[in-house]
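Engineer: Take this structure first; my questions come after.
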Amino acid sequence: MSDQESPMNPIGIKRTIAYVLLWLALIVAVFAARETRSLPNWLLQLDRPLGTSLMGALAGVLYLIRGIYTNFSVFSTWDFERWWPWYFLRPFASAILGGVSPVFVEMGLMAFGAPGTATASAPAYLAVAFIVGLNVARSLERLEAQAKEKLGIKRSNAAESNDRE
5 MSDQESPMNP
15 IGIKRTIAYV
25 LLWLALIVAV
35 FAARETRSLP
45 NWLLQLDRPL
55 GTSLMGALAG
65 VLYLIRGIYT
75 NFSVFSTWDF
85 ERWWPWYFLR
95 PFASAILGGV
105 SPVFVEMGLM
115 AFGAPGTATA
125 SAPAYLAVAF
135 IVGLNVARSL
145 ERLEAQAKEK
155 LGIKRSNAAE
165 SNDRE
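As structure tokens, this is what we get:
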């Protein structure tokens, strides 16, 4: 960090806000293109994974906005140099978890004894994708706990309860 920059540097906050707004615009544009069927056919055929990925990413962006607001304005603890990887990678992690969330919804339905053809409604999938996109660390913890319980897979260190969301 240079002598002129402090952890509360305005350049870092401006870049982060611009990045978050770019993500938000991209998510809204792809959602709109999806609704108007303006996307390529191969992408339209992936409607559920696309929708849940977008919803997960939207939740991740919401969490970023909250993080910016609380760390910069409320607590004055903004440290761009330390946290920029988190701000950069969070939408990707949220989109990925949102995208795979339908698999876990289906597994949950089977675990509760639902018939093999039972599926949740489209809004339910989107709601679950939003929740896992918003709560990445807790979602990974729960996923690993279920994998350990159902499949005997040992937990990794990737999802510890002391991770910062």
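Going by our numbering, the sequence shown opens with residue 5, and the numbers climb by one from there.
A virtual CB, placed ideally from N, CA and C, is assigned to each residue, including glycine.
No experiment lies behind these values; they were computed from the predicted model shown.
#1: Which residue from G102, Y23, V140 and K154 puts its Cα closest to that of V52?
#2: Which runs of the beta strand (DSSP E) spanning at least 3 residues fall entirely within the segment 63–115, listed in chain order?
#3: What residue range is occupied by the uninterrupted alpha helix (DSSP H) comprising S143?
#4: Starting from the C-beta of A1, find all residues in its chain whose C-beta is less than 8 angstroms away, skip the five residues before and the five after it, and write them out in chain order.
#5: Assign Y73 to buried or exposed, taking buried as 16 or more other Cβ atoms, counted over all protein chains shown, within 10 Å of its Cβ.
#6: With a 10 Å radius around its C-beta and 16 neighbouring C-beta atoms as the bar for buried, classify W90 as buried or exposed.
#7: Quick check on the DSSP output: the alpha helix (DSSP H) that includes P14 runs from which residue to which?
#8: What's the C-alpha gap between E153 and L147?
#9: For L43, report the span of its alpha helix (DSSP H) as first-last.
#10: Run through DSSP, which three-state label would G124 get?
#11: Which residues in the same chain have their Cβ closer than 8 angstroms to the Cβ of L66, if we skip the five residues on either side of it in sequence?
Structural biologist: From the atom records:
#1: For the purposes of this step, residue 52 is taken as the residue at position 48 of the sequence shown. In the sequence as presented, Val is not what sits at residue 52; that position holds Arg. Of G102, Y23, V140 and K154, the residue nearest in Cα terms is G102.
#2: Qualifying beta strand (DSSP E) stretches: none in this window.
#3: As a working note, residue 143 is residue 139 in the sequence shown. First-last of the alpha helix (DSSP H) with S143: V140 to L155.
#4: Outside the displayed span of the chain (5 to 169) sits residue 1, for which this structure offers no information.
#5: Within the sequence shown, residue 73 is the residue found at index 69, counting from 1. Burial call: exposed.
#6: Here residue 90 refers to the residue found at position 86 when the sequence shown is read from its first residue. Burial call: exposed.
#7: To locate residue 14, count along the sequence shown from 1; it is residue 10. Counting along the chain, the alpha helix (DSSP H) containing P14 begins and ends at P14 to E39.
#8: On the sequence shown, position 149 is the one that residue 153 refers to. On the sequence shown, position 143 is the one that residue 147 refers to. Cα to Cα, the separation comes out at about 10 angstroms.
#9: Numbered from its first residue, the sequence shown carries residue 43 at position 39. Element bounds for L43: n/a, residue is neither H nor E.
#10: As a working note, residue 124 is residue 120 in the sequence shown. Checking the sequence shown, residue 124 turns out to be Ala, not Gly. Three-state result, A124: coil.
#11: What you label residue 66 is simply residue 62 of the sequence shown in a count that begins at 1. L138.
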